[in-house]
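Reading through the structure tokens given below for one structure.
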Amino acid sequence: MLARNAESLYWIGRYVERADDTARILDVSVHQLLEDATVNPDAESRQLLSVLGITPPDGTTLDVWSLTELVAYSLGNAASICASVTSARENTRGAREVVSTEMWECLNSMWNAVPERQRYARQVGPHAFFSFVEERAAMFAGLADSTMSRDDGWRFLVLGRSVERVDMIVRLLLSRSGDKASSPGWVTVLRSAGAHDTYLRTYRGAMDASRVVQFLLLDRLFPRSVFHALSQAEQCLEHLYHAPGRRVGATAEASRLLGKARSDLEFLRISELMENLPRRLKSLQATVRDVGEAVSQQYFHSVPWVAWTNTEVGA
Amino acid sequence: MSTMTSNGRGDGELFRGYLNPARPHAGAYDEMFSADASVRSAYRSLHEVLAPSDVADLSARSDALGRAFVDQGITFSLSGQERPFPLDLVPRVITASEWAKLERGIVQRTRALEAFLADVYGDGQIVRDGVLPRRLITSCEHFHREAAGIVPPNGVRIHVAGIDLVRDEAGTFRVLEDNVRCPSGVSYVMENRRTMARVFPDLFARHRVRAVGDYAVHLLRALRNAAAPNAADPNVVVLTPGVHNSAYFEHSLLARQMGVELVEGRDLFCRDHTIYLRTTEGERQVDVIYRRIDDPYLDPVHFRPDSVLGVAGLANAARAGNVVIANAVGTGVADDKLVYTYMPEIVQYYLGEKPLLPNVDTFRCWLPDERAHVLDRMSELVVKPVEGSGGYGIVFGPEASAKELNALRRKVRGNPRGWIAQPVVQLSTVPTKIGDKLCPRHVDLRPFAVNDGNFVFVLPGGLTRVALPEGSLVVNSSQGGGSKDTWVLAPRSSTVESELSGPGLVQAVPLDGVATEQGPELTASQQQQQQQQ
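Chains as they are written, first to last, in the working numbering: chain A, 83 to 397; chain B, 122 to 654.
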């Protein structure tokens, strides 16, 4: 398929997942800030911002409202939910011939509804906006699942989604890695990942930091765990690689990186998990970045622009 | 009236006519306004936010609350119909110091009830010492001889208690009744909070409200502690009567939050005094049953033989020590409304302390002189059946006709053990949204206490039920009651804070905030060229 379209699909996957995950993280954090009397809103907001890769503004004291403004609504901030929705829609607009009409309409109507939803949420509280984003993202995933052929286009979409998922879960865990093992913050981590109910059923309600980390990093069955997302990304790359006769190792850099990160987690001793967790998370974050670059070099042949120099027309 | 109109933005609107002297029960304690119409300190910032708000805005939020409840399936069933439990948008506020007192009182009461049950189903020292008459206990419908001699492994019989409190005309909290069988309502405490935070976030921003979300953690710990010591990893289940029960929503919520199985009687069976669960992987032993089924239905072998909800042989399994039933069988003797009147003596007898929370003054119809007094002044009293819940069978003397009172007198004479009488307590009022206005409506409070054997935890909050019809003093949901989110404010210098900060799980990482990657975008000049073509 066309490299440009492949790139668009990859980024649609990433942006939709990013909007979804950011909404989830913010939804839970905002309500924790509101409900829990013991947290300091400014410190908590700053930590959240830096985890999401947004430079916190200097000099102002942040609270729930300014946090929501920055992370959810602000278009000036490339990592905000609205910006991600806009980018996802732009990418879809440029690649309409490879996405189904339903998917395009889902994203386009989502983008169109953003201002109105934003107004409504300013009135009745941000949860209305977050749940709108989460619902639309779920709808998009469902439509993609039911209307796309399982061809390379599908694989690029899922690849983008999986890579972004790893990135967001790692960011989420990084935000809590300084917490006490018994901190109620770990429940928020699970809630943000939509993993609370499943975790409770798996571990019978025992809330324990190392198990939460274990669940979100290593669980083989839960679709939002880092391990699961890595494996999925790896499978997509596996199927995308058409060159025959591969006998040794991974020829493509992206597959090599993903496979290495995946097997690192796969064969990790559980007891070693909590030792230098931040370092592990940081290295996962670096892997995601490298994978992104490798994929783009291998498939998208990115040429930022064609620069014509010294052309003399009709000379 | 000065405070109500002082901010001068025409904002008296919502509270206009609130303290109308002609309202029913005008002598009741209002929790927001004192008698001279100034705002009490607990409600000051709440009042500041609410008073200037727009009626239409409040109505929109009130609708949003209702919708959220229906969407989340937070309902109770009334005669087979699923209904949302109306949540009022004005929270009920309890200050840190008021709460500290209540908490101590509830813990004391729970300990006393626990000691009383251990004694009643053991040696009966309190009867031998002549503190209570034996017939008080033996005549109690919920005293089950089947439970005598069953000693739970960690000694706890009341794993969960719900103590109903009311606030009298002077603002003093009094215990209206104890609920130590299967007190329900805690799910509404958690869901009310979650929904309020979603729909009304700005109210929370100005208060430090203590969290109620971790109730299930405490409950699970209490249930696991209750297991026999030889159960290494106790298997806890929640036993529900089934989907059609009025509190089914709560049963499933608790099971979900604890991550344990929600079972019906037919999912369990008993063999050799051991209870097993039927699973796809064969049978699995059950160590602790948090049952939400009343005693008479629990075990057809000992109780109602026609019960299909329970498990045959459960009581014997508990006696054999192979399973723990929470709350234990027969705890109903402790929340009998007549035993309730002896609580000051019970607290004094077991703990050697004065009760921290007073009872509501109560006349016992089974004592001849008190009965005479009740029959005489019935038109001024509230007469309640000792058995019964949900507000059924209660007669308000001042509102009853002469014919009704005569019928009641006959009933009381016929069964004096079955009736008690109390002066009409004018429950305190809290502003409640009725139509386009906030009006005073009567409330009670049910805090929940969880006993894990070492420590009695009282959830900072509780279920505030509100009687929605004007002048009504009956708050039960089956009688048209609603509920309110209950805010226990954190003390200024919070000890909670220091519990949570502390060394992290791993050393804190300096977050350098790696920015998110962005996809390629067309540059301005590229866009321009595309447009021109």
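By construction, the Cβ of each residue, glycine as well, lies at the ideal position given by its N, Cα and C atoms.
Treat the numbers as computed from the prediction; the structure is a model and nothing was measured.
Cβ-based neighbour list, residue i, same chain, cut-off 7 Å, excluding 5 preceding and 5 following
{"i": "proline 322 (chain B)", "result": "none"}
{"i": "threonine 452 (chain B)", "result": "Leu238, Arg278, Ile279, Val301, Arg302"}
{"i": "glycine 214 (chain B)", "result": "Note on identity: in this sequence residue 214 (chain B) is valine, with glycine being the wrong assignment. Contacts found: Ala163, Tyr164, Leu167, Trp608, Leu610."}
{"i": "leucine 116 (chain A)", "result": "Val146"}
{"i": "leucine 359 (chain A)", "result": "Ser259, Val295"}
{"i": "proline 590 (chain B)", "result": "Gly601"}
Neighbourhood of residue i by C-beta, 8 Å cutoff - its chain only, sequence neighbours within 5 removed
{"i": "leucine 303 (chain A)", "result": "His310"}
{"i": "glutamate 620 (chain B)", "result": "Legend: pLDDT at glutamate 620 (chain B) = 42, less than 50; position of this residue unreliable, no value from coordinates given."}
{"i": "phenylalanine 517 (chain B)", "result": "Val503, Val545, Leu594"}
{"i": "aspartate 285 (chain B)", "result": "Val296, Leu297, Glu298, Asp299, Asn300, Asp565, Leu566, Arg567"}
{"i": "proline 138 (chain A)", "result": "Ser127, Arg128, Leu131, Ser132, Leu144"}
{"i": "serine 123 (chain B)", "result": "Here serine 123 (chain B) scores only 39 on pLDDT, less than 50, and its place in the model should not be relied on; the value that follows carries that caveat. Around serine 123 (chain B): Ala158, Ser159."}
Terminal residues of the beta strand (DSSP E) in which residue i lies
{"i": "tryptophan 540 (chain B)", "result": "540 to 544"}
{"i": "aspartate 285 (chain B)", "result": "281 to 288"}
{"i": "tyrosine 397 (chain B)", "result": "395 to 400"}
{"i": "serine 604 (chain B)", "result": "602 to 609"}
{"i": "histidine 563 (chain B)", "result": "558 to 567"}
{"i": "valine 300 (chain B)", "result": "Looking at the sequence shown, residue 300 (chain B) is not valine but asparagine. From DSSP, the beta strand (DSSP E) with asparagine 300 (chain B) extends over 294 to 300."}
{"i": "phenylalanine 390 (chain B)", "result": "389 to 392"}
{"i": "alanine 67 (chain B)", "result": "Only positions 122 to 654 of chain B appear in this structure, which leaves residue 67 (chain B) out of reach."}
{"i": "threonine 229 (chain A)", "result": "Element bounds for threonine 229 (chain A): not the beta strand (DSSP E) but the alpha helix (DSSP H), 209 to 229."}
{"i": "threonine 553 (chain B)", "result": "550 to 555"}
Contacts around residue i, its chain only, beta-carbon distance under 6 Å, and the 5 residues preceding and following it disregarded
{"i": "arginine 23 (chain A)", "result": "Since the first and last residues shown for chain A are 83 and 397, residue 23 (chain A) lies out of range."}
{"i": "leucine 363 (chain A)", "result": "Val252, Leu255, Leu256"}
{"i": "isoleucine 515 (chain B)", "result": "Lys505"}
{"i": "leucine 339 (chain A)", "result": "Thr369, Asp372, Val373"}
Given residue i as reference, the closest of the options once Cα atoms are compared
{"i": "phenylalanine 297 (chain A)", "options": "A:Ala343, A:Leu241, A:Ala325, A:Leu355", "result": "A:Leu355"}
{"i": "glutamate 203 (chain B)", "options": "B:Leu210, B:Arg213, B:Asp192", "result": "B:Asp192"}
{"i": "threonine 585 (chain B)", "options": "B:Asp573, B:Leu548, B:Gly556, B:Gly574", "result": "B:Leu548"}
{"i": "tyrosine 139 (chain B)", "options": "B:Leu559, B:Val596, B:Leu643", "result": "B:Leu559"}
{"i": "serine 428 (chain B)", "options": "B:Phe484, B:Pro362, B:Asn448, B:Cys391", "result": "B:Pro362"}
{"i": "glutamine 229 (chain B)", "options": "B:Gln651, B:Glu491, B:Met464, B:Asp557", "result": "B:Met464"}
{"i": "glycine 509 (chain B)", "options": "B:Arg255, B:Lys458, B:Val409", "result": "B:Lys458"}
{"i": "serine 162 (chain A)", "options": "A:Thr150, A:Ser182, A:Val245", "result": "A:Thr150"}
{"i": "tyrosine 411 (chain B)", "options": "B:Gly431, B:Tyr150, B:Val422", "result": "B:Gly431"}
{"i": "aspartate 420 (chain B)", "options": "B:Asn437, B:Asp408, B:Gln406, B:Glu404", "result": "B:Asn437"}
{"i": "phenylalanine 484 (chain B)", "options": "B:Leu477, B:Ala493, B:Pro476", "result": "B:Ala493"}
{"i": "glutamate 235 (chain B)", "options": "B:Ala447, B:Leu341, B:Arg399, B:Gly306", "result": "B:Ala447"}
{"i": "arginine 319 (chain B)", "options": "A:Arg86, A:Trp93, A:Asp301, A:Ser111", "result": "A:Ser111"}
{"i": "arginine 171 (chain A)", "options": "A:His209, A:Asp109, A:Leu152, A:Glu99", "result": "A:Glu99"}
{"i": "alanine 343 (chain A)", "options": "A:Glu187, A:Val245, A:Leu239, A:Leu157", "result": "A:Val245"}
{"i": "glutamine 292 (chain A)", "options": "A:Pro197, A:Asn173, A:Trp268, A:Val181", "result": "Per the sequence presented here, residue 292 (chain A) reads as serine, with glutamine not at that position. Checking every option, the nearest Cα to that of serine 292 (chain A) belongs to A:Trp268."}
{"i": "alanine 368 (chain A)", "options": "A:Arg338, A:Asp290, A:Thr174, A:Asp249", "result": "A:Asp249"}
{"i": "threonine 333 (chain A)", "options": "A:Ala315, A:Gln380, A:Arg86", "result": "A:Gln380"}
{"i": "aspartate 250 (chain B)", "options": "B:Tyr471, B:Arg188, B:Ala181", "result": "B:Tyr471"}
{"i": "valine 381 (chain B)", "options": "B:Ala337, B:Gly434, B:Phe424", "result": "B:Ala337"}
{"i": "threonine 550 (chain B)", "options": "B:Val211, B:Ile258, B:Arg392, B:Leu360", "result": "B:Val211"}
Residue span of the alpha helix (DSSP H) that contains residue i, given as start and end
{"i": "glycine 514 (chain B)", "result": "Element bounds for glycine 514 (chain B): n/a, residue is neither H nor E."}
{"i": "isoleucine 163 (chain A)", "result": "163 to 175"}
{"i": "arginine 331 (chain B)", "result": "First-last for arginine 331 (chain B): undefined, no H or E at that position."}
{"i": "leucine 108 (chain A)", "result": "85 to 117"}
{"i": "arginine 327 (chain B)", "result": "Element bounds for arginine 327 (chain B): n/a, residue is neither H nor E."}
{"i": "phenylalanine 424 (chain B)", "result": "Run containing phenylalanine 424 (chain B): none; DSSP gives neither H nor E here."}
{"i": "tyrosine 411 (chain B)", "result": "That residue, tyrosine 411 (chain B), is in no alpha helix (DSSP H); its beta strand (DSSP E) goes 409 to 412."}
C-beta neighbour in chain E for residue i, strict 7 Å
{"i": "histidine 383 (chain A)", "result": "Note that chain E does not occur in the displayed structure, where the protein chains are A and B."}
Could you tell me whether the segment 231 to 244 of chain B touches the segment 259 to 271 of chain B, using the rule of 3 or more Cβ pairs below 8 Å?
yes
Please determine if the segment 274 to 289 of chain A and the segment 218 to 237 of chain A are in contact, where contact requires at least 3 C-beta pairs separated by less than 8 Å.
no
I'd like to know if the segment 164 to 180 of chain B and the segment 566 to 576 of chain B are in contact, where contact means that at least 3 CB-CB pairs between them fall below 8 Å.
No, the segment 164 to 180 of chain B is not in contact with the segment 566 to 576 of chain B.
Does the pairing of the segment 322 to 332 of chain B with the segment 432 to 446 of chain B give three or more beta-carbon distances under 8 Å?
no
Below 8 Å, can you find three or more Cβ-Cβ pairs linking the segment 534 to 543 of chain B to the segment 494 to 509 of chain B?
With a cut-off of 8 Å, the segment 494 to 509 of chain B and the segment 534 to 543 of chain B count as touching, because enough Cβ pairs lie within range.
Would you check if there are 3 or more beta carbon pairs closer than 8 Å linking the segment 261 to 275 of chain A to the segment 198 to 214 of chain A?
no
Which runs of the alpha helix (DSSP H) fall wholly inside the segment 334 to 361 of chain A and span at least 4 residues, in chain order?
335 to 348
Touch check for the segment 634 to 654 of chain B and the segment 347 to 359 of chain B: three-plus C-beta pairs under 8 Å?
Under the 8 Å Cβ criterion, the segment 634 to 654 of chain B does not count as touching the segment 347 to 359 of chain B, having fewer than three qualifying pairs.
Every unbroken beta strand (DSSP E) inside the segment 148 to 231 of chain B [3 residues or more]:
196 to 199, 202 to 205, 208 to 215
Go through the segment 428 to 456 of chain B residue by residue and report every complete run of the alpha helix (DSSP H) that reaches 4 residues or more, in order.
435 to 440
Which ranges would you report for the alpha helix (DSSP H) in the segment 247 to 313 of chain A if only whole runs of at least 4 residues count?
Uninterrupted alpha helix (DSSP H) stretches at least 4 residues long and entirely within the segment 247 to 313 of chain A occur at 267 to 274, 278 to 285, 291 to 300, given in chain order.
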